[in-house]
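Student: In our numbering, the protein residues as written are 281 to 754.
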Ligand SMILES: *Cc1c(COP(=O)(O)O)cnc(C)c1O
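1. What number of angstroms, rounded off, separates the C-alpha of residue 610 from the C-alpha of residue 436?
2. Can residue 548 and residue 419 be called in contact, C-beta distance under 7 Å?
3. Please state whether the Cβ-Cβ distance between residue 491 and residue 461 is less than 7 Å.
4. Is residue 281 helix, strand or coil when you go by DSSP?
5. Do you know how far the Cα of residue 595 is from the Cα of residue 608?
6. Candidates 575, 312 and 508: which alpha carbon is nearest residue 589's?
7. Measure the alpha-carbon distance for residue 613 versus residue 593 and round it to whole angstroms.
8. Here's the rule: buried if 16 or more other CB atoms are within 10 angstroms of the residue's CB, otherwise exposed. What is residue 630?
9. Quick check on residue 556: buried or exposed, where buried means 16 or more other Cβ atoms within 10 Å of its Cβ?
10. Using the Cα positions of residue 480 and residue 412, report the straight-line distance between them to the nearest angstrom.
11. Excluding the 5 residues preceding and the 5 following residue 632 in the sequence, name in chain order all residues of the same chain whose CB lies nearer than 6 Å to its CB.
12. On the criterion of 16 or more Cβ atoms from any shown chain inside 10 Å, does residue 485 qualify as buried, or is it exposed?
13. Between the beta-carbon of residue 599 and the beta-carbon of residue 439, is there less than 7 Å?
14. Examine the Cβ distances between the segment 535–543 and the segment 510–521 and report whether three or more of them are shorter than 8 Å.
15. Is the CB-CB distance between residue 558 and residue 653 below 7 Å?
16. Could you tell me which whole alpha helix (DSSP H) segments of length 4 or greater appear in the segment 514–595?
17. So for residue 718, helix, strand or coil by DSSP?
18. Are there any heavy atoms of ligand 1 lying less than 6 Å away from the beta-carbon of residue 521, as far as the coordinates show?
19. Suppose you measure from the CA of residue 473 to the CA of residue 530; what does that come to, to the nearest Å?
20. Nearer than 6 Å: is that true of the beta carbon of residue 355 relative to any heavy atom of ligand 1?
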């Protein structure tokens, strides 16, 4: 009986039938969404209703409808009215490489369990390092997400910079990192996982333009030193998530060099700008970083999770999880590159390198320039439209495809103003034609748009603004 059931599970002809049906379904989905033919970016359900639906479905639903129902009940990232979180609408070919990775399931940590993916990953890493402007000593690997990559980079930093061998002896000193108030919450989380605690997370305030205030770096550093904190790293955001504003990487790098601490660039979102002729200036100074994170699933049209962690000096990548204190001295430079699990947090990981490689092979590096440049241009266009509206206000002029703005009623006080924008966003969510998000900046509630779809146009933006106005006028 067991054997029979398993034969059914592994039936290649079922795979073929279901596979063709799914491809047809997803093709129709793409045709429907990409040009905005279907009216909604999201069909919003309350969490409790959604839970009930799936409980019922497990027992009473028709399995023929399973994939269709899952699709229907998701946020449609390929819709041009999807203007929400920073997840890319994957290039359809990378859904196919995702399928390939899932079926072949070569774990990649050791060469024997991922011959092609280890070799391909190495080629990808070299290409990205080149583009950043690193020299031949550079290296790195792909890993599961910006969050994990930031943690891994900080572990490498700690290993490379601190005086004590913490990996083996545990942590005795109070260590610290410096990071902007506006950095992604995962940096804070990484620091806490590493045992730095509140006092080890030295928050650098931002300027009125929401970039790290480089003028207070020295004072913050001295203050930390005087309280006995050994600062070992500083993190620049490129850009920070809420506002899309880039820290001044050049200045931060000079500061890091002066104090002999690690300079990490969190370019999860905007690191892909290295490919944009027009916007690579946003990353000036990135070549001086000790480590850089770039998410393929944000600005590079790949499925989640596909993240590159790059090191100016490959030796540091190899040392992170090594027991031996003398690792740096004994290991020859390129030894063992094909067993990537020695360097990654993960043991098993998926074959994410093949998404990257396939895009490069089929469309060339220009495809990343095309995507980043167009999306940043669209961010700027959206900001122009907001500026032209008398009752709308930008939080600040965008530097990328992230735009924070709000509706302003001159008769409202601070509280009422915030509440109005909260209501606008909630109304948009329930309505579902558009999907946008929100953020609080210095206690002011803003609506937040991230243009992730290269097929979003001025018409879509105007329709969103019109919708907000219609709601407010009701
Ligand atoms: C998205 C983001 C992260 C987190 O990356 P994940 O891939 O979602 O884990 C970290 N930092 C910044 C600046 C980001 O935009």
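Note that beta-carbon positions come from the ideal geometry of N, C-alpha and C, so glycine has one too.
As the structure is a prediction and not an experimental result, all values here were calculated from the model.
Tutor: This is what the structure holds:
1. The residue labelled residue 610 in the question sits at position 330 within the chain shown. The residue labelled residue 436 in the question sits at position 156 within the chain shown. At residue 610, the pLDDT of 49 sits below 50, so the modelled position is not reliable and the matter cannot be decided from this model.
2. Counting from 1 along the chain shown, the entry for residue 548 is found at position 268. Counting from 1 along the chain shown, the entry for residue 419 is found at position 139. In this structure, residue 548 lies away from residue 419, with their beta-carbon atoms at least 7 Å apart.
3. As a working mapping, residue 491 is identified with position 211 in the chain shown. As a working mapping, residue 461 is identified with position 181 in the chain shown. Cβ distance not < 7 Å, so residue 491 and residue 461 don't count as in contact.
4. Translated into positions along the chain shown, residue 281 becomes position 1. Coil, per DSSP.
5. Position 328 of the chain shown, counted from the first residue, corresponds to residue 608. Position 315 of the chain shown, counted from the first residue, corresponds to residue 595. Only weak support is given to the placement of residue 608: the predicted model assigns it a pLDDT of 48, under 50, and the value that follows is read from those uncertain coordinates. Cα to Cα, residue 608 sits roughly 6 Å from residue 595.
6. Counted from its first residue, the chain shown places residue 589 at position 309. Checked all of 575, 312 and 508; the closest Cα to residue 589 is 575.
7. Counting from 1 along the chain shown, the entry for residue 613 is found at position 333. Counting from 1 along the chain shown, the entry for residue 593 is found at position 313. With a pLDDT of 48 at residue 613, under the threshold of 50, the predicted position of this residue should be treated as unreliable, though the coordinate-derived value follows. If I take the Cα positions, the gap works out to 10 Å.
8. Translated into positions along the chain shown, residue 630 becomes position 350. A residue is called buried when at least 16 other Cβ atoms come within 10 angstroms of its Cβ; residue 630 meets this threshold and is buried.
9. By one-based count along the chain shown, residue 556 stands at place 276. The residue in question, residue 556, is buried, as its Cβ has 16 or more Cβ neighbours within 10 Å.
10. The residue labelled residue 480 in the question sits at position 200 within the chain shown. The residue labelled residue 412 in the question sits at position 132 within the chain shown. Computed Cα separation, rounded: 30 Å.
11. Within the chain shown, numbered from 1, the residue matching residue 632 stands at position 352. So the qualifying residues of the chain are 422 and 586.
12. Indexing the chain shown from 1 puts residue 485 at position 205. With a threshold of 16 other beta carbon atoms within 10 Å, residue 485 falls short and is exposed.
13. Here residue 599 is taken as the residue at index 319 of the chain shown, counted from 1. Here residue 439 is taken as the residue at index 159 of the chain shown, counted from 1. A distance below 7 Å separates the beta carbons of residue 599 and residue 439.
14. The segment 535–543 is in contact with the segment 510–521.
15. Position 278 of the chain shown holds residue 558. Position 373 of the chain shown holds residue 653. Yes. Within cutoff.
16. For the segment 514–595, whole alpha helix (DSSP H) runs of length 4 or above, ordered along the chain, are 529–539 and 576–579.
17. Residue 718 sits at position 438 when you count from the first residue of the chain shown. Reduced to three states, the DSSP call for residue 718 is strand.
18. In the chain shown, counting from the first residue as 1, residue 521 sits at position 241. It does: the Cβ of residue 521 is within 6 Å (strictly closer) of some heavy atom of ligand 1.
19. What you label residue 473 is simply residue 193 of the chain shown in a count that begins at 1. What you label residue 530 is simply residue 250 of the chain shown in a count that begins at 1. So the alpha carbons of these two residues sit roughly 28 Å apart.
20. For the purposes of this step, residue 355 is identified with residue 75 of the chain shown, where counting begins at 1. Not one heavy atom of ligand 1 sits closer than 6 Å to the Cβ of residue 355.
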